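Heads up, the thing below is written out as C-alpha cells.
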Amino acid sequence: MTAEDKKQLYTFLTTVEDWINGYKNASQDVQFADDIDLSRGFASLGEIAEQVASCKACRLSLNRSLAVPGEGPAGTERIQVVVIGEGPGADEDASGRPFVGKAGQLLDKMLAAISLSRSENCFIANIVKCRPPQNREPSPDEAATCLPFLEAQIALANPLLILALGRTAAQTLLGTPEGITMLRGRFYDYRGIPVLPTYHPSALLRDEALKRPAWEDLKLFRAELDRLISGDR
Ligand code: SF4
C-alpha cells in the first residue's frame, strides 16, 4: 500500500470513528505521520518533549489540552528504569505531566516501595502522549503513530529495565495479543532490554485483589534491577 493509499484509508477510518466518538473538532486538519518525520533521531529527551508538545500526527491532538511527553530525572545520565503506561487521563491532560491523578499517586507509592522515583531514577511515559476522549483505550493506529516518540525516549534513556503498566503498554511494546494476567510476572525482551509487565495502578484502585500479585511483580523487578546494577551490565 502506498503512502497516499494509507493516508486515504486513515482519513476514511478516522472520519467514521470521529463521527462515532463525536469529536468536537473533527473537521480540523490533522498533520499525518507521513508529513512529519517521527523516525529521525532526537538529541535529547527535552527535544522529544518539544516535538510532542506541538505534534498533530494523529487525531488525539484534536481534543487534548496539553500533550504529556513524559517525566524523569534531569540530566543526561543513563536512567535506570523506564515506566510505561497507556495514555494521559484528565489530570495529566490538564497538567502536561504523566501519572499525577489518583493512579499516579499510587504509582509513586509503588515505586517508592522499591526505592524508585521519577525525580531520581525513573522515566515515566505513556504509549500515547495525548488523552484519548472519554479515557478510552488508544486505538492501534493511534498507538502505532505515537510509538516512535516512546521508542526514541527508551533509546535515549537506555534503561536497565522497563516496567510496563497494564495491557495496552505490554501488548504494544511486546507486539502480543496476550492479556495482562497472562503476561505479568515474567520478563520479556524489548530490543535487548528486559520488560516486566504488571497491572496498571488504575486496575489496582478498582480491584484490591490485584495488589498482592502486583507487589510480587515489583519485588521481582527490584531483585532483577539489583542484579543488573551489581553486574554493571
Ligand atoms: Fe502526536 Fe502522539 Fe499526540 Fe498523536 S498522541 S498527536 S502521535 S503526540
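Per the working numbering, residue 3 is the first one in the sequence shown, and the count goes up by one each step.
Where a beta carbon is used, it is the ideal one built from N, C-alpha and C, also for glycine.
Nothing here was measured: the structure is a model prediction, and the numbers come from that model.
Outcome for residue i when other beta-carbon atoms lying within 10 angstroms are tallied against a minimum of 16
{"i": "N128", "result": "buried"}
{"i": "D209", "result": "exposed"}
{"i": "E144", "result": "buried"}
{"i": "A225", "result": "exposed"}
{"i": "K58", "result": "buried"}
{"i": "I231", "result": "exposed"}
{"i": "E180", "result": "exposed"}
Simplified DSSP assignment, three categories, for residue i
{"i": "A45", "result": "coil"}
{"i": "T178", "result": "coil"}
{"i": "F151", "result": "helix"}
{"i": "D228", "result": "helix"}
{"i": "E88", "result": "coil"}
{"i": "P199", "result": "strand"}
{"i": "D191", "result": "strand"}
{"i": "E73", "result": "strand"}
{"i": "L64", "result": "coil"}
CB contact flag (residue i, residue j, <8 Å)
{"i": "G87", "j": "P75", "result": "no"}
{"i": "F125", "j": "L163", "result": "no"}
{"i": "A172", "j": "P199", "result": "yes"}
{"i": "A154", "j": "I81", "result": "no"}
{"i": "A203", "j": "K131", "result": "Going by the sequence as given, residue 203 is Pro instead of Ala. Not a contact, by the Cβ cut-off of 8 Å."}
> Can you find at least 3 beta carbon pairs, one from the region 106-122 and one from the region 150-164, that sit closer than 8 Å?
Replying inline: no
>> Just to confirm the assignment: which complete alpha helix (DSSP H) runs, minimum length 4, are found wholly within the region 95-133?
In response: 104-115
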